[in-house]
Amino acid sequence: MFMTNRQIMSLLVVALSGLVLWIIPTQVRGDNQLFGANGTLLPALAIGLMFVLSLLDFGLSFLRTSKSDKERQLAREDDVIINKPQAFGIFLVVISMVLFVWLLPVVGYLAVSTSLLVGLMLGIGGRGRPMGIILTSVIAVGVLFLALRYGLGLRLQIWPSFTLWTG
Amino acid sequence: MEALIIGIQNALSLGPLLAITAGVSVGIFMGAIPGLTAAMAIALLAPITFGMDPLTAVAFLIGIYKGGTFGGSISAILLNVPGSPEATATAFDGYPLARSGRAKQALQMALYASVAGAILADLLLYLVAAPFSRFALKFGPTELTFVVLFAFTFVAGLTGKSMMRGMIACAFGILCASVGLDPMSASPRLTFGFIELLDGLPLLPIAIGMLGVAEVMNAAERSYARRGSGGEVERRSVSETSGPSLPLSSFLMHWKTILRSSLIGSAIGALPGIGASMAAFVGYGTAQKYSKTPEKFGKGILDGVAAPEAANSAVVGGSFVPLLTLGIPGNVTTALLIGTFLVHGIEPGPHVFKSEPTLIYGIFTILLVANFINLAVGLLGSGLYSHVVKAPEHISYSVIGLTCLTGVFASTNSLFSLYIMIIFAVIGYFMKKFDYSFVAFLIGFVLAPEFELSFRSYLLIAQGDPLGQLLERPIALVFCVMTIIAIGRIGLTEQRKRQAER
Chain W
-19 MFMTNRQIMS LLVVALSGLV LWIIPTQVRG DNQLFGANGT LLPALAIGLM
31 FVLSLLDFGL SFLRTSKSDK ERQLAREDDV IINKPQAFGI FLVVISMVLF
81 VWLLPVVGYL AVSTSLLVGL MLGIGGRGRP MGIILTSVIA VGVLFLALRY
131 GLGLRLQIWP SFTLWTG
Chain U
168 MEALIIGIQN ALSLGPLLAI TAGVSVGIFM GAIPGLTAAM AIALLAPITF
218 GMDPLTAVAF LIGIYKGGTF GGSISAILLN VPGSPEATAT AFDGYPLARS
268 GRAKQALQMA LYASVAGAIL ADLLLYLVAA PFSRFALKFG PTELTFVVLF
318 AFTFVAGLTG KSMMRGMIAC AFGILCASVG LDPMSASPRL TFGFIELLDG
368 LPLLPIAIGM LGVAEVMNAA ERSYARRGSG GEVERRSVSE TSGPSLPLSS
418 FLMHWKTILR SSLIGSAIGA LPGIGASMAA FVGYGTAQKY SKTPEKFGKG
468 ILDGVAAPEA ANSAVVGGSF VPLLTLGIPG NVTTALLIGT FLVHGIEPGP
518 HVFKSEPTLI YGIFTILLVA NFINLAVGLL GSGLYSHVVK APEHISYSVI
568 GLTCLTGVFA STNSLFSLYI MIIFAVIGYF MKKFDYSFVA FLIGFVLAPE
618 FELSFRSYLL IAQGDPLGQL LERPIALVFC VMTIIAIGRI GLTEQRKRQA
668 ER
């Protein structure tokens, strides 16, 4: 069966919104009928709209591409490509940022920020001069830190937290 | 008349002028840093004004408010990261302009439009403050419900390639805004047991994630693709040049857009609860609607920068209408300003026009003068800011990534907000790829709390007869009819466009 990535995405939204629609009542506490419509009303309306419109979007698109080879060709040309570069972009940023959040309370702002910058710079194509990248990272982190600390008076934990390490 | 002259004299003395200059500089700087807003700057710096006389203190805070409103556009244009939520719409065309080597023009257009919009709004404040407040008071829950519904439809239909996907995105925004405490009963809703979610999902991490961090993902994707094809990877910058300056004649060509957006911004600013983000989006959508080349919007057009900037800056003047005449804050920033006014013994409300006329005229003058100081400080800095675009891509995007993380952490002081930012960055990345308009998402998210309160109050007032209630409220009825017409017209246009493509 021919399906474009756009159609798969519509089906995914249908499935996810169906699931959320099903669990919404368990996630809204209290019977608050006294205060106008129940607190479930707006989220249920929103997710219901997502469900119906995604189903309609998928249905119309599927009917169109089922009609002829020409329509299938047009849909293929207009489709979203998901391949290695997209996966690389997402994984590089998500993994480096999640690591930043995990390590921030443990090793402090200066070390974790410099590491993040070095990682991102290497990932986004800064190759060939490792010392240049490290130096740029240190300077950028230093400037940002000084601006936040002395310009705006914001305090960040800059050094490693030994209490977190030793318990 | 005597009060007017004394008020102007007081406002033009050295203390208030220096305070405005300092406030504008701080505001621009804070506004330009993603995650830090004018509201936060006012909250942080309000205590240092306690030792000043009331007019100097107000001048400093108004300077921050004005500077911060423009400052948000700097990072929106240069880095595609809105420094403040109201600059989100500016990024849609400002960033493509910067990428095409016209960063300086985009920045100057943002500054000129911002100043022009603010001046027009401040003049309107002088003229229509009292009558407009009386009109705004007529907006009950029924009217607000249909005004917001109209805004949803309008934005969902105009900001993406497909109205259906725009509506899905808008509904998703409303769903995300439903997380937290039910606004009417205060019972937890969709929090899944996370205490951090009781306050709801925060706007700034979401906006910064969807726009800024998603852009870092795109940069990494492009870099990988270039590496695969053996292309140059290291020296590519957002743009090779900051480009030429904006001639005055080019700016004047956009007067219609600026005038229209200023009026929209002033009107929205005077309506409590809607705010600058909404004004910027409506200004942008309206400019696109009336443009002879609507298809160029989102690809880098100066009208697309002028419209949201004039609108969001006009909100500042507009928001002073309910603030000064009724004592009702229209947004977070004016709510913070009211707090500071009270510390200085100024109690905003209708009586203040009688009890403190010199102070009121002084404030009006400060609002106007702050625009010219904003222009001067902004122009001095625009050459400097636009050099940011000359940085190599791997440096600029890595620093954007770190600035997003630091900005969100500094403004929320919560690691949980950083996770939210990362999750919404991935969602935003896919929304962009699959044409689910994130503008519609953000509008849904920003307006949902106001919409829910109005909608549920409307149902409560209607007592089982919502249609009867609607028919009794002419303003609401007009907006309801306009919503239906908008859905029909946009749907029909899309259908014709699809047929023409085949």
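Taken in sequence, the protein lines are chains W and U.
Residue 102 in our numbering sits at position 122 of the first sequence, and the numbers go up by one each step.
Here our numbering = 1-based position in the second sequence + 167.
Virtual Cβ for every residue (Gly too), placed ideally from N, Cα, C.
- Item | Separation of F237/U from P221/U, as counted between CA atoms | Here residue 221/U is taken as the residue at index 54 of the second sequence, counted from 1. Here residue 237/U is taken as the residue at index 70 of the second sequence, counted from 1. The alpha-carbon atoms of P221/U and F237/U are separated by roughly 25 Å.
- Query: Would Y391/U be called buried (16 or more neighbouring beta carbons within 10 Å of its own) or exposed?
  - Reply: Taking the second sequence and counting its residues from 1, the one referred to as residue 391/U is at position 224. Burial call: buried.
- Query: Taking L245/U as the reference, which of E253/U, K233/U and F259/U has the closest Cα?
  - Reply: For the purposes of this step, residue 245/U is taken as the residue at position 78 of the second sequence. The shortest Cα separation from L245/U among E253/U, K233/U and F259/U belongs to F259/U.
- Going along chain U, which residues have a C-beta under 8 Å from F80/W? Here residue 80/W corresponds to residue number 100 of the first sequence, with the count starting at 1. Correct list: L572 and L585.
- Message: DSSP has V8/W in a bridge; who is on the other side?
- Response: Sequence index remark: in the first sequence, residue 8/W carries index 28 (1-based). V8/W is bridged by DSSP to R356/U.
- Item | alpha helix (DSSP H) runs wholly inside the region 235 to 276 of chain U, at least 4 long, in chain order | If only complete runs of 4 or more residues are kept, the region 235 to 276 of chain U shows the alpha helix (DSSP H) at 255 to 266, in order along the chain.
- With 8 Å set as the bound, which would you pick, yes or no: does the beta-carbon of T116/W sit closer than that to a beta-carbon of chain U? On the first sequence, residue 116/W is found 136 positions in, with the first residue counted as 1. At least one chain U Cβ lies under 8 Å of T116/W.
- Message: Please confirm whether R640/U has its beta-carbon closer than 8 Å to some beta-carbon of chain W.
- Response: Indexing the second sequence from 1 puts residue 640/U at position 473. Taking Cβ atoms only, chain W never reaches closer than 8 Å to R640/U, which makes this a no.
- Message: So that I know if they touch, is there some Cβ in chain U lying closer than 8 Å to that of I138/W?
- Response: Position 158 of the first sequence holds residue 138/W. It does not: the Cβ of I138/W has no partner Cβ on chain U nearer than 8 Å.
- Ranges of the alpha helix (DSSP H) found wholly within the region 590 to 626 of chain U, counting only runs of at least 4: none
- Task: May I have the straight-line CA-CA distance separating V(-6)/W from L1/W, to the nearest angstrom?
- Result: Taking the first residue of the first sequence as 1, we reach residue -6/W at position 14. Taking the first residue of the first sequence as 1, we reach residue 1/W at position 21. Between the alpha carbons of V(-6)/W and L1/W lies a gap of roughly 10 Å.
- Message: So, at 7 Å on beta carbons, what are the nonlocal neighbours of L124/W in its own chain, with the 5 sequence-adjacent residues on each side left out?
- Response: The sequence position of residue 124/W within the first sequence is 144, counting from 1. The answer is none, since no qualifying residue turns up.
- Check the Cβ of N247/U against every Cβ in chain W and list those closer than 9 Å, keeping chain order. Along the second sequence, read from residue 1 onward, the residue named residue 247/U stands at position 80. Neighbours of N247/U on chain W: none; closest Cβ ~14 Å, over 9 Å.
- Task: Anything in chain U within Cβ reach of S93/W, meaning under 9 Å, just list it in chain order.
- Result: Counting from 1 along the first sequence, the entry for residue 93/W is found at position 113. Within chain U, the residues near S93/W are L569, L572 and T573.
- Query: Roughly how many angstroms lie between the CA atoms of L79/W and V92/W, to the nearest whole one?
  - Reply: What you label residue 79/W is simply residue 99 of the first sequence in a count that begins at 1. What you label residue 92/W is simply residue 112 of the first sequence in a count that begins at 1. In this structure, the alpha-carbon of L79/W lies about 9 Å from that of V92/W.
- Task: Could you confirm whether any beta carbon from chain A is found closer than 8 Å to the beta carbon of M384/U?
- Result: Although the question refers to chain A, the structure presented lacks it and instead comprises the protein chains W and U.
- Item | At least three beta-carbon pairs within less than 8 Å, the region 598 to 606 of chain U to the region 322 to 340 of chain U | Taking 8 Å as the limit for Cβ pairs, the verdict is that the region 322 to 340 of chain U does touch the region 598 to 606 of chain U.
- Count the other C-beta atoms from every protein chain shown that fall within 10 angstroms of the C-beta of A67/W, then say buried if there are 16 or more, exposed otherwise. Along the first sequence, read from residue 1 onward, the residue named residue 67/W stands at position 87. For A67/W, the number of other beta carbons within 10 angstroms of its own is below 16, and it is reported as exposed.
- Closer than 8 Å, CB to CB, is E401/U near chain W or not? Residue numbering aside, residue 401/U sits at position 234 when the second sequence is read from its first letter. In this prediction, E401/U scores a pLDDT of 45, lower than 50, which makes its location untrustworthy; the coordinate-derived value is nonetheless stated afterwards. It does: the Cβ of E401/U has a partner Cβ on chain W nearer than 8 Å.
- Task: Would you decide whether I229/U is buried or exposed? Buried here means 16 or more other CB atoms lie within 10 Å of its CB.
- Result: Here residue 229/U is taken as the residue at index 62 of the second sequence, counted from 1. By the 10 Å Cβ count, I229/U comes out buried.
- Item | Simplified DSSP assignment, three categories, for L542/U | Mapped onto the second sequence, residue 542/U falls at position 375. DSSP, read as helix, strand or coil, puts L542/U in helix.
- Message: What does the alpha-carbon distance come out to for the pair S105/W and E388/U?
- Response: Counting from one through the first sequence, the residue named residue 105/W turns up at place 125. Counting from one through the second sequence, the residue named residue 388/U turns up at place 221. Reading off the sequence shown, one finds Gly at residue 105/W, where the question assumed Ser. Their Cα atoms are separated by approximately 10 Å.
- Message: Within 8 Å of any Cβ in chain W, is that where the Cβ of I341/U sits?
- Response: Here the question's residue 341/U lines up with position 174 in the second sequence. Closer than 8 Å: yes.
- Query: What did DSSP end up calling P411/U once you bin it into helix, strand or coil?
  - Reply: Mapped onto the second sequence, residue 411/U falls at position 244. DSSP places P411/U in coil when its eight states are reduced to three.
- Candidates S240/U, T223/U and S281/U: which alpha carbon is nearest N541/U's? As a first step, residue 541/U must be located in the second sequence, where it is residue number 374. Out of S240/U, T223/U and S281/U, S281/U has the C-alpha closest to the C-alpha of N541/U.
- Item | Per-residue burial, A178/U [other beta carbons within 10 Å of its own, 16 or more giving buried] | As a first step, residue 178/U is located in the second sequence; it is residue number 11 there, counting from the start. Answer is buried; the Cβ neighbour count reaches 16.
- Task: Taking S433/U and G484/U to be in contact with their CB atoms under 8 Å, please state how far apart those CB atoms are, rounded to whole angstroms.
- Result: Within the second sequence, residue 433/U is the residue found at index 266, counting from 1. Within the second sequence, residue 484/U is the residue found at index 317, counting from 1. Confirmed, about 6 Å.
- Item | Extent of the continuous alpha helix (DSSP H) to which P461/U belongs | Counted from its first residue, the second sequence places residue 461/U at position 294. Judged by DSSP secondary structure, P461/U falls outside any alpha helix (DSSP H); it is assigned neither H nor E.
- Query: Per DSSP, L348/U forms a beta bridge with which residues?
  - Reply: Taking the first residue of the second sequence as position 1, residue 348/U is located at position 181. P355/U.
- Item | Meets three-Cβ-pair contact criterion under 8 Å: the region 362 to 369 of chain U and the region 26 to 37 of chain W | no
- Does the separation of the CB atoms of D59/W and T(-16)/W fall below 8 Å? By 1-based counting over the first sequence, the position of residue 59/W is 79. By 1-based counting over the first sequence, the position of residue -16/W is 4. In terms of Cβ geometry, D59/W and T(-16)/W form a close pair [threshold 8 Å].
- Could you tell me which of K328/U, T312/U, V648/U and E253/U sits nearest to K463/U, measuring between CA atoms? Locating residue 463/U in the second sequence gives position 296, counting from the first residue. Comparing Cα-Cα distances from K463/U to each of K328/U, T312/U, V648/U and E253/U, the minimum goes to K328/U.
- Query: Is it a yes or a no for the region 412 to 430 of chain U touching the region 252 to 268 of chain U, going by three-plus beta-carbon pairs under 8 Å?
  - Reply: no
- State yes or no: is the beta carbon of Y451/U nearer than 8 Å to at least one beta carbon in chain W? For this step, residue 451/U is matched to residue 284 along the second sequence. False, the Cβ-Cβ gap to chain W never drops below 8 Å.
- Rounded to whole angstroms, what's the CA-CA distance from G284/U to E476/U? Just pull it up for me. Indexing the second sequence from 1 puts residue 284/U at position 117. Indexing the second sequence from 1 puts residue 476/U at position 309. Spanning the two alpha carbons is a distance of roughly 8 Å.
- Message: 8 Å is my cut-off, CB to CB: does L659/U come that close to chain W?
- Response: The sequence position of residue 659/U within the second sequence is 492, counting from 1. It does not; no Cβ of chain W falls within 8 Å.
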